[in-house]
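The structure appears right after this line, and notes come after that.
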Amino acid sequence: NDYSQPRLVGALIPNVQVCRGIAAALACRAMLRVKEGKTEAAWQDLLACHRLGRLVGRGGSLIELLVGIALDRIAGQADLALLVHGNLTPKEIQKYMLDLQRLPPMPPIADAVDLFERFMMLDALMLFAREWPAFDESVGGANRRAKPGFWQKLFTRNVNWDPAFRNVNRWCDRYVAAARISDPTGRRAKMALISTEVNSIKKPSGITLALQEKLMGPKTRGEMIGDLLVALLLPAFDKLETAAERNEQECRNLRLAFALAAYQRDHGRYPEALAELAPKYLDAVPDDIFSGKPLIYKPDAKGYLLYSVGANGKDDGGQSFGDDPPGDDLVIRMPVPEPKSKNK
Numbered sequence: 044n045d046y047s048q049p050r051l052v053g054a055l056i057p058n059v060q061v062c063r064g065i066a067a068a069l070a071c072r073a074m075l076r077v078k079e080g081k082t083e084a085a086w087q088d089l090l091a092c093h094r095l096g097r098l099v100g101r102g103g104s105l106i107e108l109l110v111g112i113a114l115d116r117i118a119g120q121a122d123l124a125l126l127v128h129g130n131l132t133p134k135e136i137q138k139y140m141l142d143l144q145r146l147p148p149m150p151p152i153a154d155a156v157d158l159f160e161r162f163m164m165l166d167a168l169m170l171f172a173r174e175w176p177a178f179d180e181s182v183g184g185a186n187r188r189a190k191p192g193f194w195q196k197l198f199t200r201n202v203n204w205d206p207a208f209r210n211v212n213r214w215c216d217r218y219v220a221a222a223r224i225s226d227p228t229g230r231r232a233k234m235a236l237i238s239t240e241v242n243s244i245k246k247p248s249g250i251t252l253a254l255q256e257k258l259m260g261p262k263t264r265g266e267m268i269g270d271l272l273v274a275l276l277l278p279a280f281d282k283l284e285t286a287a288e289r290n291e292q293e294c295r296n297l298r299l300a301f302a303l304a305a306y307q308r309d310h311g312r313y314p315e316a317l318a319e320l321a322p323k324y325l326d327a328v329p330d331d332i333f334s335g336k337p338l339i340y341k342p343d344a345k346g347y348l349l350y351s352v353g354a355n356g357k358d359d360g361g362q363s364f365g366d367d368p369p370g371d372d373l374v375i376r377m378p379v380p381e382p383k384s385k386n387k
């Protein structure tokens, strides 16, 4: 047997980093075109950036999905700069808002776990079955060339691997089912429960684990190995779901920003309340995903502050991660603040 064969757990995804650079370049060129007065060309660059994020997100793995979300966020931040500096007409704003609405949604995280992440863990478990316990020291040792010795082979002969494979599939099935719950509150509660259970299955190491291995029967050993692999490789459910929900909320905020800009061009001011946007500028005003309540909107003489309370469910007064003090709110400020100098 060739123990140096690469596995899914060690698969390289070189296109991800390349696409990060492309997204940044598209956003920068769009801003240059805005300065030159080429707003339509700028918008096509930004639309390409949004599409690139969705294309990367369809790569199959969770890493590609999370990078796709990051690329979409790069485009969204540049979209806001276009609204401020692009001198757009109401007709252009409506057209661009329609382009945003026509973009396909990001692939659900459940799809990535159901396929790629599941098979990545099952593939790693196959390696466990061939190389255990040498492979137990590091999942990243998938390309080790040393063959298992006599005692290692003796141990693996006393393991029933079927329960291990069933455990991995069972945890993946539970996560996928929870991730597909349509109600956000119920979904978060189920995710939190699964994360707590995953953390609780981590096994002791050292002498205690060695003693347990010798006292366990083949079936129990297989279950232990499956649990160990789940604890090592199964992603943090709640954090992944939060990333997906933040992206969805930022997309909602962005569409609202375009609707507010169209209203401002028509009336010379921003509306006193978001409800004034429907039905002319939006079919309906979306609520905050995280609170289930209306988004917080505060207009003033110069612009407005619009924000979601974010994943912590607490109103931080419109303070986001990059503010001082930092908060968890997902914020749009108009006019867009000038970038902060890194030297300060």
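In our numbering, the protein residues as written are 44 to 387. Quick reminder that beta carbons are idealized off the backbone N, C-alpha and C, glycines included. Computed from a prediction, not measured in an experiment: that's the story for all the values here.
task: Give the straight-line distance between the Cα atoms of residue 375 and residue 172, rounded to the nearest whole angstrom.
output: Taking the straight line joining both Cα atoms gives about 51 angstroms.
- prompt: Could you give the uninterrupted runs of the alpha helix (DSSP H) lying entirely in the region 73 to 128, keeping only those of 4 residues or more?
  reply: If we require 4 residues or more, the alpha helix (DSSP H) runs fully inside the region 73 to 128 come out as 82 to 100, 105 to 128.
field: Spatial distance of residue 70 from residue 89 (CA atoms)
entry: Per the coordinates, the alpha-carbon of residue 70 lies some 6 angstroms from the alpha-carbon of residue 89.
message: I'd like the list of long-range same chain contacts for residue 286, defined as Cβ closer than 7 angstroms, with 5 residues on each side in sequence excluded.
response: Only 109, 112 meet the Cβ criterion.
- prompt: Which residue from 360, 144, 264, 262 puts its Cα closest to that of residue 295?
  reply: The shortest C-alpha separation from residue 295 is found at 144.
query: Between 140, 370, 381, 239, which lies nearest to residue 326 when the distance is taken from Cα to Cα?
result: The shortest C-alpha separation from residue 326 is found at 140.
message: Please return the same chain residues whose Cβ sits closer than 7 angstroms to the Cβ of residue 341, not counting the five positions on each side in sequence.
response: In chain order, 347, 348 place their CB closer than 7 angstroms to the CB of residue 341, counting only its own chain and leaving out the 5 sequence neighbours on each side.
message: Applying the 10 Å Cβ sphere with the 16-neighbour rule, what's the burial state of residue 104?
response: By the Cβ-count criterion, residue 104 is buried, with 16 or more other Cβ atoms from all chains shown falling within 10 Å of its own Cβ.
message: Quick check on residue 375: does DSSP put it in helix, strand or coil?
response: Strand at residue 375.
query: Distance, Cα to Cα, residue 222 vs residue 86?
result: One alpha carbon belongs to residue 222, the other to residue 86, and they sit about 34 angstroms apart.
query: Does DSSP put residue 147 in a helix, a strand or coil?
result: Note: residue 147 maps to coil in three-state DSSP.
- prompt: When DSSP labels each residue in this structure, what does residue 313 get in the three-state scheme?
  reply: DSSP places residue 313 in coil when its eight states are reduced to three.
- prompt: Alpha carbon to alpha carbon, how far is residue 156 from residue 277?
  reply: Between residue 156 and residue 277, the C-alpha separation is close to 9 angstroms.
Run of the alpha helix (DSSP H) containing residue 237, from where it starts to where it stops: Taken as a continuous stretch (DSSP letters only), the alpha helix (DSSP H) holding residue 237 covers 227 to 243.
Spatially closest choice to residue 318 from 351, 310, 311, 328, by CA coordinates: Ranking 351, 310, 311, 328 by Cα distance to residue 318 puts 328 first.
- request: Taking all protein chains shown into account, decide if residue 282 is buried (16 or more other Cβ within 10 angstroms of its Cβ) or exposed.
  value: Around the C-beta of residue 282, fewer than 16 other C-beta atoms lie within 10 Å, and the residue is accordingly described as exposed.
- prompt: Going straight from the alpha carbon of residue 335 to that of residue 235, what length do you get?
  reply: When rounded, the distance between both Cα atoms is 18 angstroms.
message: Quick check on residue 213: buried or exposed, where buried means 16 or more other Cβ atoms within 10 Å of its Cβ?
response: Residue 213 is exposed by the Cβ-count criterion.
Own chain, CB closer than 8 angstroms to residue 158, minus 5 neighbours either side, in chain order: Taken in chain order, the residues that qualify are 103.
query: Considering only the beta carbon of each residue, do residue 352 and residue 127 sit closer than 7 angstroms?
result: The answer is no: Cβ separation not under 7 angstroms.
message: Does residue 324 come out as helix, strand or coil in the three-state DSSP assignment?
response: In the structure shown, residue 324 adopts coil according to DSSP, grouped into three states.
task: Would you mind giving the Cβ-Cβ distance between residue 244 and residue 273, rounded to the nearest angstrom? I have them listed as a contact below 8 angstroms.
output: 7 angstroms between Cβ atoms; contact.
- request: Note down, in chain order, each residue of its chain lying with its Cβ closer than 7 angstroms to the Cβ of residue 137, except the 5 sequence neighbours on either side.
  value: Answer for residue 137: 305, listed in chain order.
- prompt: By DSSP, does residue 339 sit in helix, in strand, or in coil?
  reply: Under the three-state reduction of DSSP, residue 339 is assigned to strand.
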